[in-house]
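Enquirer:
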Amino acid sequence: VPVAVLLSGRGSNMRALVQASRQTNCPFRIVLVASDRPDAAGLTWARAEGIDTFALAPKGIGKAAFEAALDDALKASGARVIALAGYMRLVSDAFVERWRNRIINIHPSLLPKYKGLDTHARAIAAGDTVAGCSVHIVNEELDGGALLGQAEVPIRPGDTPDILAERVLEQEHRLYPRVLAEYVRHMTDHPALLRLRDIVQS
Ligand code: GRF
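In UniProt numbering, the protein residues as written are 5 to 206.
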């Protein structure tokens, strides 16, 4: 199943997805890496790997025009699923509707806890002893779509947000390829894919 990755930065999760896609029997392949930041490090890596890339800065052209251009690139790539991986921009409701149940995201917290930014600092400040990451379907609510998978890590005494982020990131790199593989397998089992969320949840 052709998958496009959207990112804004370093792209370590994208790299984990690409590496997983090269293993035997992996049911997805990364056909496009797209970014709203033309200078994203993830793009440089993807290009060096010979993966098609698309980059466009939304500044000055407006959200609708930006998303229309992105949508064209996604369609041209043949992608059937979009994996957000450190994509720091909210996708519009119209975009969600066009790709309903076909956009997934990785978030560095145990959702529904700590939607949005600064998840690790908030988990530490709350005195939590467990943190983690979640992969979920993207809907209109920020970090609010159906959960597809989670991984946990301990929060240790003395952890800083950076130390915790590193521990969680390691699990992100394991969780995301696993969940994406499972997700696209459901798609091939159910090519009509009308209500994937219901299929995944049942
Ligand atoms: C990850 O922590 C991801 O969960 C969050 O943004 C970060 C992106 O890191 N959404 P990278 O660009 O994949 O290295």
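C-beta: ideal position from N, C-alpha, C; glycine also.
Could you tell me which whole alpha helix (DSSP H) segments of length 4 or greater appear in the stretch 20 to 93?
Expert: 45 to 52, 67 to 81
Enquirer: Indicate the three-state DSSP secondary structure (helix, strand or coil) for Leu152 in the structure shown.
Expert: Stepping through the sequence shown from its first residue, residue 152 is reached at position 148. Reduced to three states, the DSSP call for Leu152 is strand.
Enquirer: Where does Asp40 land, buried or exposed, given buried means 16+ other C-beta within 10 angstroms?
Expert: Translated into the one-based positions of the sequence shown, residue 40 becomes position 36. The residue in question, Asp40, is buried, as its Cβ has 16 or more Cβ neighbours within 10 Å.
Enquirer: Can you tell me which of the three DSSP states Ile107 falls into?
Expert: One-based indexing of the sequence shown puts residue 107 at position 103. Strand.
Enquirer: With 16 as the cutoff for other CB atoms within 10 Å, does Gly15 come out buried or exposed?
Expert: Within the sequence shown, residue 15 is the residue found at index 11, counting from 1. The residue is buried, with at least 16 neighbouring Cβ atoms inside 10 Å.
Enquirer: So, under 8 angstroms CB-CB, Lys63 and Ser96 are touching, yes? Tell me the CB distance rounded to an integer number of Å.
Expert: Translated into the one-based positions of the sequence shown, residue 63 becomes position 59. Translated into the one-based positions of the sequence shown, residue 96 becomes position 92. Rounded, the Cβ-Cβ distance is 16 angstroms, inconsistent with contact.
Enquirer: In three-state DSSP terms, what is Ile141?
Expert: Residue 141 sits at position 137 when you count from the first residue of the sequence shown. Ile141 falls in the strand class under three-state DSSP.
Enquirer: When you compare only the Cα positions, how much space is there between Leu198 and Leu21?
Expert: Translated into positions along the sequence shown, residue 198 becomes position 194. Translated into positions along the sequence shown, residue 21 becomes position 17. Residue placement at Leu198 is poorly supported in this model, since its pLDDT is 49, which falls under 50; the coordinates are not used for a value here.
Enquirer: Are Pro158 and Thr123 closer than 8 angstroms when you measure CB to CB?
Expert: Sequence index remark: in the sequence shown, residue 158 carries index 154 (1-based). Sequence index remark: in the sequence shown, residue 123 carries index 119 (1-based). Taking 8 angstroms as the Cβ cut-off, Pro158 and Thr123 do not qualify as a contacting pair.
Enquirer: Name the one or two DSSP bridge partners that Leu115 has.
Expert: Position 111 of the sequence shown holds residue 115. Paired residues: none, contrary to the question.
Enquirer: Whose C-beta lies closer than 6 angstroms to the C-beta of Leu78 among residues of the same chain, with five residues either side of it excluded?
Expert: As a first step, residue 78 must be located in the sequence shown, where it is residue number 74. Answer for Leu78: Ala8, listed in chain order.
Enquirer: Leaving aside the five residues before and after Arg33 along the sequence, list all residues of the same chain whose C-beta is less than 8 angstroms from its C-beta, in chain order.
Expert: For the purposes of this step, residue 33 is taken as the residue at position 29 of the sequence shown. For Arg33, where only same-chain residues beyond five positions count, the Cβ hits under 8 angstroms are Val5, Pro6, Val7, Ser25.
Enquirer: What residues in its chain sit with their C-beta under 7 angstroms from that of Ile65, if we drop five residues either side in the sequence?
Expert: If you number the sequence shown from 1, residue 65 lands on position 61. Excluding the 5 residues flanking it on each side, Ile65 has no same chain C-beta neighbour closer than 7 angstroms.
Enquirer: Contact between the stretch 110 to 118 and the stretch 132 to 149: three or more CB pairs below 8 angstroms?
Expert: yes
Enquirer: Alpha carbon to alpha carbon, how far is Leu11 from Arg126?
Expert: The residue given as residue 11 occupies position 7 in the sequence shown. The residue given as residue 126 occupies position 122 in the sequence shown. Taking the straight line joining both Cα atoms gives about 23 angstroms.
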